[in-house]
Every structure is written in C-alpha cells, then in structure tokens.
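*Asks:*
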Amino acid sequence: MKKWPLIHTPLPGPKARKLINQDRTYVSPSYTRYYPLVVEKAKGLWVHDVDGNIFLDFTAGIAVCATGHCHPRVIKAIKKQADLLLHMSGTDFYYTPQIILAKKLANLMPGKGAKKVYFGNSGAEAVEAAFKLARWHTKRELNLAFYGAFHGRTMGALSLTASKTIQKKHYNPLVPGITHIPYSYCYRCPYNLSYPECELGCVQWVEDTLFRTTIPPEEVATIFVEPIQGEGGYIVPPPEFHREMNKIAKKYGILYVADEVQSGMGRTGKMFAMEHFGVDPDIIALAKGIASGMPLGALTARAEIMDWEAGSHASTFGGNPVSCMAALATIELLEEGLMKNAGVQGKHLMDGLVNLQQSHECMGDVRGKGLMVAVEFVKDRETKEPARTWRNDIIRHAFEKGLLLLGCGENSIRFCPSLTVNTAEIDKCLSIFDDVVREMAL
Ligand SMILES: Cc1ncc(COP(=O)(O)O)c(C=O)c1O
Numbered sequence: 040m041k042k043w044p045l046i047h048t049p050l051p052g053p054k055a056r057k058l059i060n061q062d063r064t065y066v067s068p069s070y071t072r073y074y075p076l077v078v079e080k081a082k083g084l085w086v087h088d089v090d091g092n093i094f095l096d097f098t099a100g101i102a103v104c105a106t107g108h109c110h111p112r113v114i115k116a117i118k119k120q121a122d123l124l125l126h127m128s129g130t131d132f133y134y135t136p137q138i139i140l141a142k143k144l145a146n147l148m149p150g151k152g153a154k155k156v157y158f159g160n161s162g163a164e165a166v167e168a169a170f171k172l173a174r175w176h177t178k179r180e181l182n183l184a185f186y187g188a189f190h191g192r193t194m195g196a197l198s199l200t201a202s203k204t205i206q207k208k209h210y211n212p213l214v215p216g217i218t219h220i221p222y223s224y225c226y227r228c229p230y231n232l233s234y235p236e237c238e239l240g241c242v243q244w245v246e247d248t249l250f251r252t253t254i255p256p257e258e259v260a261t262i263f264v265e266p267i268q269g270e271g272g273y274i275v276p277p278p279e280f281h282r283e284m285n286k287i288a289k290k291y292g293i294l295y296v297a298d299e300v301q302s303g304m305g306r307t308g309k310m311f312a313m314e315h316f317g318v319d320p321d322i323i324a325l326a327k328g329i330a331s332g333m334p335l336g337a338l339t340a341r342a343e344i345m346d347w348e349a350g351s352h353a354s355t356f357g358g359n360p361v362s363c364m365a366a367l368a369t370i371e372l373l374e375e376g377l378m379k380n381a382g383v384q385g386k387h388l389m390d391g392l393v394n395l396q397q398s399h400e401c402m403g404d405v406r407g408k409g410l411m412v413a414v415e416f417v418k419d420r421e422t423k424e425p426a427r428t429w430r431n432d433i434i435r436h437a438f439e440k441g442l443l444l445l446g447c448g449e450n451s452i453r454f455c456p457s458l459t460v461n462t463a464e465i466d467k468c469l470s471i472f473d474d475v476v477r478e479m480a481l
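Mapping the sequence shown onto the numbering used here, position 316 (from 1) lands on 355, and the numbers just tick up by one.
1. CB-CB under 6 Å to His399, same chain, minus the five flanking residues each way: which ones, in chain order?
2. Quick check on the burial criterion: 16 or more other C-beta atoms within 10 angstroms. Buried or exposed for Tyr273?
3. To the nearest angstrom, report how far apart Lys154 and Gly271 are at their CA atoms.
4. Between the alpha carbons of Gly409 and Ser470, how many angstroms are there, rounded?
5. From Pro53 to Arg72, what does the alpha carbon distance come to, in whole angstroms?
6. Ligand 1 and Ser161: does the residue's C-beta get closer than 7 Å to at least one heavy atom of that ligand?
7. Run through the DSSP bridge pairs and tell me what Thr157 is partnered with.
8. Do you know how far the Cα of Pro277 is from the Cα of Gly357?
9. Where does Arg453 sit, in a helix, a strand or coil, going by DSSP?
10. So is the beta-carbon of His190 under 7 Å away from any non-hydrogen atom of ligand 1?
11. So Pro266 and Ser302 are in contact, right, with Cβ under 8 Å, and what is the actual spacing, rounded?
12. Sorry if obvious, but does the Cβ on Gly305 come closer than 7 Å to a heavy atom of ligand 1?
13. Count the other C-beta atoms from every protein chain shown that fall within 10 angstroms of the C-beta of Gly350, then say buried if there are 16 or more, exposed otherwise.
14. For Gln206, verify whether its CB is less than 7 Å away from any heavy atom of ligand 1.
15. Classify His47: buried if its beta carbon has 16 or more other beta carbons within 10 angstroms, exposed otherwise.
16. Just the C-alpha distance for Thr193 and Lys41, rounded to the nearest angstrom, thanks.
17. Is the beta carbon of Glu180 less than 8 Å from the beta carbon of Ala260?
18. Answer with buried or exposed for Lys309, where buried requires no fewer than 16 other C-beta atoms within 10 angstroms of its C-beta.
19. Which complete beta strand (DSSP E) runs does the stretch 297-351 hold, if anything under 3 residues is left out?
20. Which runs of the alpha helix (DSSP H) spanning at least 4 residues fall entirely within the stretch 354-389, listed in chain order?
21. Quick check: the stretch 59-72 against the stretch 414-426, are there 3 or more CB pairs under 8 Å?
22. Just reading off the beta strand (DSSP E) that Glu424 is part of, what are its end residues?
23. Locate the alpha helix (DSSP H) running through Thr177, then write down its first and last residues.
24. Residue range of the beta strand (DSSP E) that Ala81 falls in?
25. May I ask whether a heavy atom of ligand 1 can be found less than 7 Å away from the beta carbon of Val300?
26. Measuring alpha carbon to alpha carbon, tell me which of Ile254, Ala201, Glu279 and Ala463 ends up nearest Cys241.
27. Quick check: the Cα distance between Glu374 and Thr135, rounded to an integer number of angstroms?
28. Below 7 Å, is the gap between the Cβ of Ala153 and the nearest heavy atom of ligand 1?
29. Would you tell me roughly how many angstroms separate the C-alpha atoms of Ile139 and Cys237, rounded to the nearest one?
30. In whole angstroms, what is the alpha-carbon distance linking Glu79 and Asp404?
31. Rank Cys401, Lys171 and Met411 by C-alpha distance to the C-alpha of Glu421 and give the top, closest one.
32. Note down the Cα distance separating Gly328 from Ala105, rounded to an integer number of angstroms.
33. So Leu319 and Gly150 are supposed to be a Cβ contact under 8 Å. How far apart are they, rounded?
34. So for Met411, helix, strand or coil by DSSP?
35. Measure from the alpha carbon of Leu147 to the alpha carbon of each residue in His352, Ala188 and Thr339, then state which is nearest.
36. State the start and end residues of the unbroken alpha helix (DSSP H) segment that holds Asp500.
Next up, the structure:
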C-alpha cells in the first residue's frame, strides 16, 4: 500500500489559495464547497491537488466516477471516439454509439418486454424527461414524490425535490400538481412507529388517507422515488417498501418512476438499486456513474410508455457520442467485476463502520447497500438529536488528514467511493475516519 494520503502543505496550499481567490471573483457563488480542495489530476481513488497533496477519495466526484478516476479503458474509449466524431446531435441525426448504448441500456432495464431509451446530459435532465414522458403518456397532472428527495435543480426536477429549502428559496412558483409524502425513514419514522410492527403504515397511509381525502388516484401520473434516498441521507427503506408502494401504483394505473441517478449503475452491488427490492419500475432515470465522469443522462422506459411523438422532447447535446462510448466501456467494466466488487467491498466498509460505531457514541446510525453507505451523527443515541456541526467538522478534519468525504442529509456523512475500491483503501479510510471522530472528541 502506498504511503498515501500525503499532505505536505497547509490546506489550502499556496497554489490552491490563489485559485480559490480567482474562483470567488469569477465563479457562481451558488456552489456548495465543503472544503478547499483544488484538484489537478486523479487516478483510481487517489486525487492530487495543485500543490502536490494526495487524497484518498471516498466521494468519487459525488458518486460519479464508478470505474475510478480516469480508468485506462474508459480513457481509451473516449480517445478513440474523439478521433472519429465529437458531436452531430442524436436528436436530428443517427450515429452508432447512441444506438448501441440504447440497446445495451434497454436490455439492462429490469422487467419483461421491449424498452426504449432517451438521452440527456445530466441527472436533472433525465428526471425532467421522465416527468414529461409520464405526463405525455398518462395525460394525468398529479404526481407523488417524497420528503427528503433530491431529483435535481431544473424547474421540473426541483419541483419534485424536497430536500432543503435553500434549493427552492425564491424560485416559486414551481410546477404545480406535486404532493410530497413521507419516505420510509425508519431511524426517524415520520409517524413515530417502529419497523416491522408498523406493518408499513407509511405506505398504507397513501391509500387509506391521501387517496381518500385530497388526491384522486386516477389523476396521479407518477410516484417518483429514489430506491435509496441519496442527498436525503442515504436512507434505505425496508425490503417491502417499494413492492407495496408499487402495488398501490399498479392498482390505480400510476407509473412507478425510479430515480437511480445516484443509486444506479452498480453502486449498490446490483446494476439498479431497485433490483434489491424486487420491483420493475416503469421508468428509470440514470446519470452520475453511467459514463465514469463524462456528462450523460439517460431515461429508460417500457416501450409502450415511451409513446411521445417526434418533436415532443429532445436535447442538442444529449447522447453525445464520446459520452456514449465512455458509458459502454463503463458498463463493460461493471459487468466484468466492478459491480460484484461493490457488493463485496461495501460489506467490508459497512462491517468496519458498524465496528467503529461501538466505540463512538455519536455514530447514531450506520446504513447502506453496497458502496452507498452513510453514518448519521447524533449528540445522544437516546434522543437522536442531530449533530450537524460535528458532522461538518468531521468532514473538514478528514480532509485535513487526506480523506475526502461528503455530507448527505442534515447530519450524515456518505461513503461513495469508486467501485474499484479495494480492501486496503477501505481500511485506510476507516482508520483515518476513526482517528478523526476520536479527535473531534464527541
Ligand atoms: C437521485 C438524484 N437525482 C437527480 C440528481 C441530479 O443530477 P444532476 O446534478 O446531474 O442534475 C441527483 C444529483 O445529486 C441525484 O442524486
């Protein structure tokens, strides 16, 4: 194992400091940076900053670099395609990479029957397209989404989002017709019930209360859901949650739309996280890990649902040929072994964190699937009072020790490394994390 991380300057170092000052002058202040990392290059899980400091990356660029930073096979595919064709616009012309990737994704989508694929450039675009397609197909105006959900920042995706008010502040009015309902967040049950004695009261409430009082179910187009909530705190619902919710959807002709932007592409040990729950969604939104860092969003749907007509939706850059070839190389690597590795290493990571939880009172909950793992910090295990500031301090202190982490929810830290992560890298992460939490003396 390399003698990394290597931190040899104060952070930020002199070059980083200069660049951050320029960033403050020229770059939008709407971005949220947890710590002053200015990246120069990266390989695998190791990120080098502009001052030569080397960090262990357990963020994968916000769960994007599925195959590790700059995987040689992805780079080769990108270079080969870049020599042939950079852009032609798949909305007005045909080209091979978009067609073969569509075929691949259609075949990967769970469930019987034919599937079709729409391409955009990002998660928000994939969600936006799903939202529009569902309206087109069902001709219904209402939608259900969940508290804690993050679906993106364009107006439609933002309207489905219910994560933090800062994301919505001053942007009203948003798209009407969306009702947010509580997610199955058993550590902090919104109904103050306990699983499994609750018998999934949160799901029953939709049919018994919502659909009988305020929302006519025959006017609902979609239930929009993250199989595992991402930005909301890496919240894993009980095993029957999606199955039961989908049953209600099917009963009323409602489309079950899975936002797999963060949970998809092998991260949880299966290609799509919804596969853990035994549900075949009607529509799936994909982005992030799909092309190992090249911009690409995709929407897969049962063919009979994707019945919109020419001109009803499109995007100039969507399905860029270079991104498509990066996606095909990514999927090949996932299928050859990285998806399996996510399951194996994810278990090692979870076991390690559960072990640390025994000695750190502030680690209230450890949860996840595969390499989508989070620790929720509390001030007191009994009261579960959220430890927001501690969480932020831990992330900052981990950075100073060379470990890159990100928050999620109000008081959780997520661990979402590349799917190439090995046991030694996980052990290194756990050891730094243990030191940091101890030193913060919670
Ligand atoms: C579940 C989910 N959906 C949608 C998005 C939006 O993706 P993008 O930032 O690529 O627009 C995100 C981004 O974090 C996400 O986690």
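Using N, Cα and C, we set each Cβ at its ideal position, and we do this for glycine too.
Computed from a prediction, not measured in an experiment: that's the story for all the values here.
*Replies:* Checking against the coordinates, here is how it stands:
1. Excluding sequence neighbours, His399 sits near Val476.
2. With 16 or more Cβ atoms within 10 Å of its Cβ, Tyr273 is classed as buried.
3. Their backbone Cα atoms lie some 30 Å apart in a straight line.
4. Straight through space, the alpha carbons of Ser470 and Gly409 are spaced by roughly 20 Å.
5. Approximately 18 Å between the Cα atoms of the pair.
6. Answer for Ser161: yes, Cβ within range of ligand 1.
7. Looking at the sequence shown, residue 157 is not Thr but Tyr. In DSSP, Tyr157 forms a bridge with Leu338.
8. Computed Cα separation, rounded: 35 Å.
9. Of the three classes helix, strand and coil, the one that applies to Arg453 here is strand, per DSSP.
10. Flag set: Cβ of His190 near ligand 1.
11. About 5 Å separates the two Cβ atoms, so the contact holds.
12. Distances taken from the Cβ of Gly305 to the heavy atoms of ligand 1 include none shorter than 7 Å.
13. Exposed, by the Cβ-count rule.
14. No, the beta carbon of Gln206 sits no closer than 7 Å to any heavy atom of ligand 1.
15. His47 is exposed by the Cβ-count criterion.
16. Between Thr193 and Lys41, the C-alpha separation is close to 42 Å.
17. Yes; because the gap between Cβ atoms is below 8 Å, this pair is in contact.
18. Flag for Lys309 reads buried.
19. Counting only runs of 3 or more, we get 322-325 and 336-341.
20. The alpha helix (DSSP H) runs of length 4 or more contained entirely in the stretch 354-389 are, from start to end of the chain, 360-372.
21. Result no; under three Cβ-Cβ pairs closer than 8 Å.
22. For Glu424, no beta strand (DSSP E) run applies, since DSSP gives it neither H nor E.
23. First-last of the alpha helix (DSSP H) with Thr177: Gly162 to Thr177.
24. Taken as a continuous stretch (DSSP letters only), the beta strand (DSSP E) holding Ala81 covers Val78 to Lys82.
25. At least one heavy atom of ligand 1 is nearer than 7 Å to the Cβ of Val300, so yes.
26. Per the C-alpha coordinates, the member of Ile254, Ala201, Glu279 and Ala463 positioned closest to Cys241 is Glu279.
27. Rounded to whole angstroms, Glu374 to Thr135 spans 21 Å at the Cα level.
28. In this structure, Ala153 has its beta carbon at no less than 7 Å from each heavy atom of ligand 1.
29. So the alpha carbons of these two residues sit roughly 46 Å apart.
30. The alpha-carbon atoms of Glu79 and Asp404 are separated by roughly 35 Å.
31. Just measuring C-alpha positions, the residue of Cys401, Lys171 and Met411 sitting nearest Glu421 is Cys401.
32. When rounded, the distance between both Cα atoms is 5 Å.
33. Residue 319 is actually Asp in this sequence, not Leu. The C-beta separation of Asp319 from Gly150 comes to about 3 Å, placing the pair in contact by the 8 Å criterion.
34. Here Met411 sits in strand by DSSP.
35. Selected option, being the one with the closest Cα: Thr339.
36. As shown, the chain starts at 40 and ends at 481. That puts residue 500 outside it, with no answer to give.
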